[in-house]
């Protein structure tokens with residue numbers, strides 16, 4: 001390989017003459033990333049973030065018809081027939097993919113329960129810990145993340161309350177935590193759209209609007225509940241005015257369709273988790289995998305002998321359960337442990353989930369474009385005429401509640417609309433009320449399930465379900481009716497912008513919000529109120545101060561001292577994620593190079609490393625350093641060494 005000439009223009013764009021194409025791709029790739037980083041950095045300093053947030057609130061690029069889109073009028077008859085036939089075939093395929101998508105979510109929940117269900121039950125045993133509101137909140141988050149089902153968490157709470165092991169006031173923070181934990185599912189689903197930057201930005205924003213709403217509601221209502229017992233008093237007043245009687249089982253709608261498939265794969269005995277939580281050690285070694293699906297209760301007559309010396313003069317009847325029918329699923333009589341089965345199902349369900357989501361997005365992109373996308377956008381995202389504009393959002397709340405009642409899971413509904421948000425069919429502003437309605441819809445399902453409880457658990461189950469309902473209802477009153485209070489939308493858009501630029505931030509966000517931060521708060525709460533107050537209050541004050549200064553920097557910068565009008569006096573790692581992004585990028589680049597180094601000679605291996613030094617250089621590296629990396633790379637390229 002010979003290099004006859006190579007020079008750089010003013011924008012650091014390589015111009016090659018007679019250079020191996022592999023080197024052209026190598027150098028062009030990294031230098032184009034350098035130029036892109038510069039332009040992105042300059043946009044960020046010029047207030048581009050607010051513009052990006054406004055763009056997120058607009059409609060989909062799918063609605064922008066290109067000149068190349070063909071309408072039915074411009075097509076010939078055979079082409080029309082082909083288009084109609086293609087659409088007719090795609091619609092059943094769309095529903096089939098959606099069916100497998102929902103089933104994979106169900107299997108994913110079962111996998112998490114197998115892997116962490118007993119741990120979740122053990123967490124609930126510490127009743128002294130649960131009396132701490134902050135600890136109860138964190139327990140609700142962690143347990144719901146572990147079992148991937150807020151209904152399972154709620155059923156455990158109902159059992160604890162009805163058995164007297166936990167009072168309603170201590171159960172309310174756990175319910176709030178389960179509300180936060182259940183929103184992790186659609187955030188995971190949003191990660192599947194990370195391949196397309198713009199789609200990922202919208203999808204992640206649409207998913208995290210649920211998280212932001214729940215966290216903001218907790219920040220307001222948890223202290224209020226701890227101080228006044230508002231939710232407990234409201235729910236108790238409703239229960240006292242009702243003449244409660246145990247009713248029929250809650251209706252199963254979507255499960256009627258999905259259970260024939262999911263029950264062929266796995267069936268769980270969830271009563272084991274509840275029994276462990278209530279302190280029943282006899283089920284400690286019992287598997288969560290359901291073995292017997294039908295049992296018969298027999299009444300047998302036995303003698304009552306009170307001592308070995310006395311004669312058995314009396315007889316009594318006792319109930320004896322006889323197992324009559326084995327379950328039929330893949331893991332009946334399986335020798336693997338619950339953890340091993342859970343990990344197998346976790347891997348398989350994630351594979352199916354990712355595959356279905358990718359195919360769903362591609363199929364929706366092919367179906368929803370041009371005039372079709374415009375029509376759907378007009379139906380979904382358009383407001384009513386003035387003066388009834390405000391009614392459209394509340395109608396969306398009702399639609400979200402109704403759809404969640406039909407599918408009987410807020411996770412399924414919010415996960416299903418996440419790809420639609422990603423491709424732009426549903427705007428963030430319309431997704432927000434749909435999500436709020438979904439929160440209300442899942443409480444109605446829980447309330448119906450509570451009303452079907454046995455008589456001894458009926459009052460406790462109903463009060464817990466009502467606390468869940470009032471928490472979401474008051475949250476909607478706080479963060480929706482007044483447009484200025486719709487902070488979750490702005491927060492979600494900011495998170496979407498951040499993940500579009502730094503995709504690794506999505507994983508960091510998941511770990512922080514649903515694992516690391518709750519665990520840290522839990523540890524502080526266990527250390528006592530003095531330690532928690534001593535650390536928590538200063539941190540909260542710093543956060544509030546930073547938020548106030550940020551607002552003043554945008555709204556009234558002249559009211560601040562000159563030094564506080566920007567954050568330039570702080571180190572770069574405190575004001576930007578770019579330094580951390582450079583470290584992560586180099587780490588991933590190093591791993592890729594190590595894997596591929598078997599095909600590269602030492603000089604070309606160094607070229608990769610030197611060119612990686614160019615990545616991220618604009619923000620904090622001197623120009624001389626960039627030139628040094630460039631010179632070293634070009635010297636190695638000109639060394640005219642062939643590949644081994």
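In the UniProt record's numbering, the protein residues as written are 1 to 644.
We put the beta carbon where it would ideally sit given N, CA and C, even for glycine.
Every value quoted in this text rests on a predicted model; they were computed, and no experiment measured them.
Cβ contact check for the segment 141-154 and the segment 509-523: 3 or more pairs under 8 Å: The way I'd put it, the segment 141-154 does touch the segment 509-523; three or more beta-carbon pairs between them come closer than 8 Å.
Got a sec, what are the start and stop residues for the alpha helix (DSSP H) residue 349 sits in? In the DSSP annotation of this structure, the continuous segment of the alpha helix (DSSP H) that includes residue 349 starts and ends at 338-367.
Taking the alpha carbon of residue 460 as the point to measure from, which residue in 211, 169, 227 and 408 has its own alpha carbon closest? Nearest C-alpha to residue 460: 169.
Selection from 550, 466 and 556 that minimises the alpha carbon distance to residue 242: It is 466.
From residue 614 to residue 582, what distance separates their C-alpha atoms? Since pLDDT at residue 614 reaches only 48, below the 50 mark, its modelled position is unreliable, and the value read off the structure follows with that caveat. Approximately 10 Å between the Cα atoms of the pair.
Residue closest to residue 278, alpha-carbon to alpha-carbon, out of 444, 324, 530 and 162: Looking at the Cα atoms, 162 is the closest of the given residues.
DSSP-derived helix/strand/coil call for residue 425: DSSP, reduced to helix, strand and coil, places residue 425 outside both helices and strands of the structure shown, so it counts as coil.
For the segment 99-137, list the alpha helix (DSSP H) runs that are entirely contained and at least 4 residues long, ordered along the chain. Counting only runs of 4+ residues, the alpha helix (DSSP H) found wholly inside the segment 99-137 occupies 127-130, in chain order.
Are residue 409 and residue 442 touching if we call contact CB-CB under 8 Å? Yes. Within cutoff.
Candidates 540, 556, 550 and 578: which alpha carbon is nearest residue 567's? The option with the nearest alpha carbon to residue 567 is 550.
Given 8 Å as the limit, is there contact between the segment 119-137 and the segment 80-96, that is, 3 or more CB pairs closer than that? As far as the Cβ criterion goes, the segment 119-137 does not touch the segment 80-96, which means the pair count is below three.
Alpha-carbon spacing of residue 553 relative to residue 577, whole angstroms: Taking the Cα positions, residue 553 is about 20 Å away from residue 577.
Helix, strand or coil at residue 278 according to DSSP, with G and I counted as helix: Of the three classes helix, strand and coil, the one that applies to residue 278 here is coil, per DSSP.
Please report the distance separating the alpha-carbon of residue 382 from that of residue 389. The alpha-carbon atoms of residue 382 and residue 389 are separated by roughly 9 Å.
Give me the Cβ distance between residue 361 and residue 422, rounded to the nearest whole Å; I'm assuming they're in contact under 8 Å. Yes, they are in contact, since the Cβ atoms of residue 361 and residue 422 sit about 7 Å apart, within 8 Å.
If I follow the unbroken alpha helix (DSSP H) through residue 221, where does it start and stop? Taken as a continuous stretch (DSSP letters only), the alpha helix (DSSP H) holding residue 221 covers 197-228.
State yes or no: is the C-beta of residue 469 within less than 8 Å of the C-beta of residue 447? Yes.
On a CA-only basis, which of 214, 101, 353 and 337 is nearest residue 492? Give me that one, please. Put simply, of 214, 101, 353 and 337 the residue whose alpha carbon is nearest the alpha carbon of residue 492 is 214.
Backbone secondary structure at residue 241 - three-state DSSP: Helix, per DSSP.
For residue 475 and residue 178, I'd like the C-alpha separation in whole angstroms. Each residue's CA atom was taken as its position, placing residue 475 and residue 178 some 15 Å apart.
Is the beta carbon of residue 384 less than 8 Å from the beta carbon of residue 176? Going by beta carbons, residue 384 and residue 176 fall outside the 8 Å limit.
Is residue 464 helix, strand or coil when you go by DSSP? Residue 464 falls in the helix class under three-state DSSP.
So within the segment 508-582, which uninterrupted alpha helix (DSSP H) runs reach at least 4 residues, ignoring any that extend past its ends? Within the segment 508-582, the complete alpha helix (DSSP H) runs of at least 4 residues fall at 517-526, 529-555 and 572-575.
Taking three-plus beta-carbon pairs below 8 Å as touching, is the segment 337-350 in contact with the segment 99-119? They touch, by the three-pair rule.
If you compare alpha carbons, which of 482, 159 and 462 is closest to residue 236? Nearest C-alpha to residue 236: 462.
Which value, in whole angstroms, describes the spacing of the CA atoms of residue 620 and residue 573? Unreliable placement is indicated for residue 620, whose pLDDT of 41 sits below 50; no coordinate value is reported for it.
Decide if residue 387 is buried, meaning its Cβ has at least 16 other Cβ atoms within 10 Å, or exposed. By the 10 Å Cβ count, residue 387 comes out exposed.
Does the segment 133-142 come close enough to the segment 397-411 to have 3 or more Cβ pairs within less than 8 Å? Note that the segment 133-142 does not touch the segment 397-411; fewer than 3 beta-carbon pairs, one per stretch, sit closer than 8 Å.
Should residue 232 be labelled buried (16 or more other beta-carbon atoms within 10 Å of its own) or exposed? Per the 10 Å Cβ criterion, buried.
Tell me which residue opens and which closes the alpha helix (DSSP H) that residue 284 is part of. Neither: residue 284 is in no alpha helix (DSSP H) and is coded neither H nor E.
Report buried or exposed for residue 223, applying the criterion of at least 16 other Cβ atoms within 10 angstroms of its Cβ. Counting Cβ neighbours within 10 Å, residue 223 comes out exposed, since fewer than 16 surround it.
Hey, residue 356 and residue 104: beta-carbon distance below 8 Å or not? Contact flag set, yes.
Check whether the Cβ of residue 460 lies closer than 7 Å to any heavy atom of the ligand ADP, and answer yes or no. Among the components modelled here there is no ligand, and therefore nothing to report on the ligand ADP.
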